[in-house]
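Novice: Dumping the structure here so I can ask a few things about it.
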Amino acid sequence: MTTDQTFLFALFGSVFVLLIWGKIRYDLVAFGALVISVVAGFVTPDEAFSGFGHPAVVIIALVLIVSRGLINSGAVELISSVVLSSNRPLPLHIGIMSVVGAALSAIINNVAALALLMSLDMEAAEKAKRAVALSLMPLSFATILGGMITLIGTPPNIVIAQYRERVLGEGYGMFDFAPVGLCVAFAGIVFVALIGWRLIPQREPVGSIRNDEDTDLFVAEAQVPEDSKSIGLTMNQLYPLANEHDITVLGLVRRGRRLPGFARYEEIRKDDHLVLEGDPKSIEAFLGGAQLDFAGKEKHEHGLTSSSLKLAEAIVPEGARIEGRSSNSLRLLSRHGVTLLGASRQGKRFRERVRKLKIESGDMLLLLGPEDRLTEVMSWLGVLPLAEKQHSVIQRKKASLAIGLFLGAIALSVAGLVYLPVALAGCVIAFAALSVVSGREVYESVEWKVIVLLASLIPLGIALENSGGTKLIAELIVAQTAGWPHWAILTVLIVVTMTLSDFLNNVATALIAAPIGLDVANAIGASPDPFLMGVAVAASCAFLTPIGHKNNTIIMGPGGYRFGDYWRMGLPLEILVVTISVPAILFFWPL
Numbered sequence: 001m002t003t004d005q006t007f008l009f010a011l012f013g014s015v016f017v018l019l020i021w022g023k024i025r026y027d028l029v030a031f032g033a034l035v036i037s038v039v040a041g042f043v044t045p046d047e048a049f050s051g052f053g054h055p056a057v058v059i060i061a062l063v064l065i066v067s068r069g070l071i072n073s074g075a076v077e078l079i080s081s082v083v084l085s086s087n088r089p090l091p092l093h094i095g096i097m098s099v100v101g102a103a104l105s106a107i108i109n110n111v112a113a114l115a116l117l118m119s120l121d122m123e124a125a126e127k128a129k130r131a132v133a134l135s136l137m138p139l140s141f142a143t144i145l146g147g148m149i150t151l152i153g154t155p156p157n158i159v160i161a162q163y164r165e166r167v168l169g170e171g172y173g174m175f176d177f178a179p180v181g182l183c184v185a186f187a188g189i190v191f192v193a194l195i196g197w198r199l200i201p202q203r204e205p206v207g208s209i210r211n212d213e214d215t216d217l218f219v220a221e222a223q224v225p226e227d228s229k230s231i232g233l234t235m236n237q238l239y240p241l242a243n244e245h246d247i248t249v250l251g252l253v254r255r256g257r258r259l260p261g262f263a264r265y266e267e268i269r270k271d272d273h274l275v276l277e278g279d280p281k282s283i284e285a286f287l288g289g290a291q292l293d294f295a296g297k298e299k300h301e302h303g304l305t306s307s308s309l310k311l312a313e314a315i316v317p318e319g320a321r322i323e324g325r326s327s328n329s330l331r332l333l334s335r336h337g338v339t340l341l342g343a344s345r346q347g348k349r350f351r352e353r354v355r356k357l358k359i360e361s362g363d364m365l366l367l368l369g370p371e372d373r374l375t376e377v378m379s380w381l382g383v384l385p386l387a388e389k390q391h392s393v394i395q396r397k398k399a400s401l402a403i404g405l406f407l408g409a410i411a412l413s414v415a416g417l418v419y420l421p422v423a424l425a426g427c428v429i430a431f432a433a434l435s436v437v438s439g440r441e442v443y444e445s446v447e448w449k450v451i452v453l454l455a456s457l458i459p460l461g462i463a464l465e466n467s468g469g470t471k472l473i474a475e476l477i478v479a480q481t482a483g484w485p486h487w488a489i490l491t492v493l494i495v496v497t498m499t500l501s502d503f504l505n506n507v508a509t510a511l512i513a514a515p516i517g518l519d520v521a522n523a524i525g526a527s528p529d530p531f532l533m534g535v536a537v538a539a540s541c542a543f544l545t546p547i548g549h550k551n552n553t554i555i556m557g558p559g560g561y562r563f564g565d566y567w568r569m570g571l572p573l574e575i576l577v578v579t580i581s582v583p584a585i586l587f588f589w590p591l
C-alpha cells in the first residue's frame, strides 16, 4: 500500500466514522475532508470544486426542483387522490399505496414522493383507527424501491450513470435501470404488502404530525367558480367529501347574504360562497376535491403566469393594526393583494362573513396571498406569523401543463436530442416562468446538504481511484473469492455495498463502490455493466437502519419507530433484494 493510498484510506475511514456517529452535519464532514485533501496535495486546487459542476450534482438539484413543481401544480395530487380509503383491508391499502409510491418515486425524487403520500397514509390510519406504524414503514420502503426504476428516481442511479460515462465514454439512459428495478420493486412491494407489515412492532407514535389538540380549526369561505362540478348539487351532497377531508360545511352565502341554518338542501350555484370549518391543509384538499376556489383567489390570478400563492397562519397580539377592525375596512385585498381567508377564535363559529368580521387579540388568522407579499403585509397588520405554518396552494389548473413540460423534457432526453441536465434545466425555467414554482422555491427545493456532500466526495473518490485505492480493494475481494463463479463475486459486491449503505449516505456509498465494482469486473475479465448495476441496486436498498436513507429517517417520529425496529422488516427485504437482483442483473446484463 502506497503512502497516498494510506492517507486516503485513513481520510475516508475518518469520514465514515463521523458520518455513522452523526454528531456533525454530513455536508461539513465531507467538505472538511475535501479541504484536508487539497491542503495535503492529494486533490489539486483546480479539481477541488469541480464536483459542484458535475452533471450528477446538477441533475439531482434539478430533479428536486421539478418534483416541487409537479407537486405545486397538483399533477401528483391527481395520481395520489385515488389511494386514500379507510375501508380497505390493510394488505390491500399497503399494496395500493406502495404501488403509487413506487410509481411516483420513479418520476420524481423518492423523498418528495414519501413526503406527499405520508400525510395521506396517516390520515387513512387515523380514520381506520389503526397504528400508522403498520403502513408507514412499508410506504417508505416502497418509495425507496421505486426510485431504482429510472435514472432520475434516486441519486445512486445518477452517480452510477455519470461514472460510467466518465470512464467508459457512455452513460446509462433514462430507462436502462428499469428491467432490474422493476423486478426488485415488484418483489419488494409484494413482500411488504403481504408479509413485511406483520413484522413491525406497534407503538403509539411520539410527536405525531397530526395532533388534533394542537390543530387550529379556521372558519373560512370558498367560492364556487363557473366550471365547478359542485354546481347543481345540494349542500348535503358535499357532506361525504367534507367528512373524508375532516371538514365541516357550516353554511352558504348567496349575493352577500348568508342563508339561514346550514342550508343543507339548497342547490349550489355559480358565485355562491360556502362557509367551511377545518384546518388549512384539510380545507385546501377539500377545495380541490369539490372544485372550489378560495374566496378572493381570482383577484390574485392573471393567467398562467400568476404568482404562486401561499397560505400563512398568524396570531393577533394586543395593539395590532387589525385589532378591532375587519379585512374589508382595511381594504386588505384591494390595496395589499392579500386575502383574509379564515379566522379562528377558540373554537367559536361566526355568523359574520370572514371579511367583515372584527378581529380581536388572540385570534388566529389564515391569510392567502403571493409569497413575496405575505411577510410584508403581516408586518403591516402587526400580526405574528407562526413558524412552520405556511402552506402551498396547489395550482390545479396548471397540472396538465406541468405534466406536459416534464414529459417533454424526458422525451427529448430519451430520444438523444437534448442532454438530460439541459432538458431538466429547460423544464425548471418553464416552471419558474409560469410561476409553477416561485423564485424562492427554486432554491428551497434543493437539498443543499446533499449537494455539498456529493460535490465534495466526487473529487475525493476520483483521487482514491487515481491512487489505485479502489483497485486495491477490488483485488482484495477477488483474492478472497478466488475460484468462485462470477455470479457469487457479484453477490459479494452487492452485499458489501448494501451493508455500507445501511450506515452511510447512499450517494457516498455509490461514489466509493462504483469504481470498486468496475475494478472487480476488469480483474475477472467480465463486463462492467452487471457490477455497476449491482452497485446501483445495493446503494439504494438501505432498509436496516433509520440513517441509511432519508425516507427512513423521516418516518421515525410519526411512526413511533425505534432504531432496532427497521431490521425486522428490512433484513428479510434486503435478502429478498439480493435473491431477486442477482439473477435479474445476469439476465438483462450478461457477464
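Note that full-length UniProt numbering gives residue 114 to position 114 of the sequence shown, counting from 1, and the numbers run on in steps of one. Even glycine gets a Cβ: it sits at the ideal position worked out from N, Cα and C. No experiment lies behind these values; they were computed from the predicted model shown.
Could you work out which residue in 451, 238, 583, 513 is closest to residue 469 when comparing CA atoms only?
Specialist: That would be 513, whose Cα lies nearest to the Cα of residue 469.
Novice: Relative to the C-alpha of residue 147, which residue among 453, 544, 355, 536 is closest?
Specialist: With distances taken between Cα atoms, residue 147 lies closest to 536.
Novice: Residue 593 and residue 200: beta carbons closer than 8 Å?
Specialist: Only positions 1 to 591 of the chain appear in the structure, and residue 593 is not among them; the question remains open.
Novice: Using a threshold of 8 Å, state whether the C-beta atoms of residue 521 and residue 69 are closer than that.
Specialist: Not in contact: residue 521 and residue 69 (Cβ atoms no closer than 8 Å).
Novice: Determine contact between the region 411-429 and the region 171-178, defined as no fewer than three beta-carbon pairs at a distance below 8 Å.
Specialist: Touching, yes, given that three or more Cβ pairs across the two stretches are closer than 8 Å.
Novice: Return the first residue and the last residue of the beta strand (DSSP E) that residue 218 is part of.
Specialist: 218-223 is the extent of the beta strand (DSSP E) around residue 218.
Novice: Using DSSP with H/G/I as helix, E/B as strand and the rest coil, what is residue 251?
Specialist: Residue 251 falls in the strand class under three-state DSSP.
Novice: Please list the terminal residues of the continuous beta strand (DSSP E) segment that includes residue 314.
Specialist: Residues 309-315.
Novice: Would residue 489 be called buried (16 or more neighbouring beta carbons within 10 Å of its own) or exposed?
Specialist: With 16 or more Cβ atoms within 10 Å of its Cβ, residue 489 is classed as buried.
Novice: Since residue 556 is in the alpha helix (DSSP H), which residue starts that stretch and which ends it?
Specialist: Looking at the DSSP string, the run of the alpha helix (DSSP H) that includes residue 556 is 556-559.
Novice: Classify residue 517: buried if its beta carbon has 16 or more other beta carbons within 10 angstroms, exposed otherwise.
Specialist: Answer is buried; the Cβ neighbour count reaches 16.
Novice: Candidates 286, 188, 193: which alpha carbon is nearest residue 229's?
Specialist: It is 286 whose Cα lies nearest to the Cα of residue 229.
Novice: How many Å lie between residue 9 and residue 487 at the Cα?
Specialist: Rounded to whole angstroms, residue 9 to residue 487 spans 28 Å at the Cα level.
Novice: Can you say whether residue 313 is buried or exposed, counting buried as having 16 or more other CB atoms within 10 angstroms of its CB?
Specialist: It is buried - the Cβ of residue 313 has at least 16 other Cβ atoms within 10 Å.
Novice: Pull up the distance between the alpha-carbon of residue 397 and that of residue 290, whole angstroms please.
Specialist: Approximately 14 Å, taken between the alpha carbons.
Novice: According to the neighbour-count rule (16 or more other Cβ atoms, all chains shown, within 10 Å of its Cβ), is residue 73 buried or exposed?
Specialist: When all chains shown are included, residue 73 counts as buried.
Novice: Looking at the unbroken beta strand (DSSP E) that takes in residue 180, where does it start and where does it end?
Specialist: Where residue 180 is concerned, there is no enclosing beta strand (DSSP E), although the alpha helix (DSSP H) it sits in stretches over 178-194.
Novice: What is the rounded straight-line gap between the Cα of residue 283 and the Cα of residue 464?
Specialist: Spanning the two alpha carbons is a distance of roughly 54 Å.
Novice: Roughly how far, in whole angstroms, is the beta-carbon of residue 266 from the beta-carbon of residue 349, given that I think they are within contact range, below 8 Å?
Specialist: Not quite, the Cβ-Cβ distance comes to about 19 Å (not below 8 Å), so this is no contact.
Novice: Please state the DSSP three-state secondary structure of residue 353.
Specialist: Coil, per DSSP.
Novice: Count the CB pairs spanning the region 449-456 and the region 498-510 that are closer than 8 Å, and state whether there are at least three.
Specialist: With the cut-off at 8 Å, the region 449-456 and the region 498-510 touch.
Novice: Examine the ligand FMN and report whether any of its heavy atoms sits within less than 7 Å of the Cβ of residue 571.
Specialist: In the structure on display, the ligand FMN does not appear, and there are no ligands present to speak of.
Novice: Excluding the 5 residues flanking residue 241 on each side, which residues of the same chain have their C-beta closer than 7 Å to its C-beta?
Specialist: Once the five neighbours on either side are set aside, the close Cβ partners of residue 241 are 286, 289, 290.
Novice: Quick check on this structure: which residue in 583, 591, 589 has the alpha carbon closest to the alpha carbon of residue 184?
Specialist: If we check each option's Cα against that of residue 184, 583 comes out closest.
Novice: Would residue 334 be called buried (16 or more neighbouring beta carbons within 10 Å of its own) or exposed?
Specialist: Residue 334 is exposed by the Cβ-count criterion.
Novice: Is there contact here, the region 355-375 with the region 326-346, by at least three beta-carbon pairs under 8 Å?
Specialist: Because the criterion of three Cβ pairs below 8 Å is met, the region 355-375 and the region 326-346 touch.
Novice: Quick one, which of 260, 472, 75, 531 has its alpha-carbon nearest residue 400's?
Specialist: Per the Cα distances, 75.
Novice: Within 8 Å (strictly less), CB to CB, does residue 251 reach chain D?
Specialist: Structure shown: chain D not included; a single protein chain is present.
Novice: Less than 8 Å between the beta carbons of residue 99 and residue 189, yes or no?
Specialist: It is a contact, given that the beta carbons lie within the stated cut-off.
Novice: Could you give the first and the last residue of the continuous beta strand (DSSP E) run that contains residue 343?
Specialist: Residue 343 -> beta strand (DSSP E) spans 339-344.
Novice: Any idea what DSSP makes of residue 267, helix, strand or coil?
Specialist: Note: residue 267 maps to strand in three-state DSSP.
Novice: Count the other CB atoms, across all protein chains shown, that sit within 10 Å of the CB of residue 261; report buried if there are 16 or more and exposed otherwise.
Specialist: By the 10 Å Cβ count, residue 261 comes out exposed.
Novice: I need the straight-line Cα distance from residue 21 to residue 310, nearest angstrom please.
Specialist: Roughly 38 Å between the two C-alpha positions.
Novice: For residue 263, which residues in the same chain have their Cβ closer than 7 Å to its Cβ, ignoring the five residues on either side in sequence?
Specialist: The answer, listed in chain order, is 235, 251, 252.
Novice: Return the residue from the list 239, 47, 179 that minimises the CA-CA distance to residue 248.
Specialist: Nearest option by C-alpha distance: 239.
Novice: Under the assumption that residue 114 contacts residue 140 (Cβ atoms under 8 Å), give the Cβ distance between them as a whole number of angstroms.
Specialist: About 6 Å separates the two Cβ atoms, so the contact holds.
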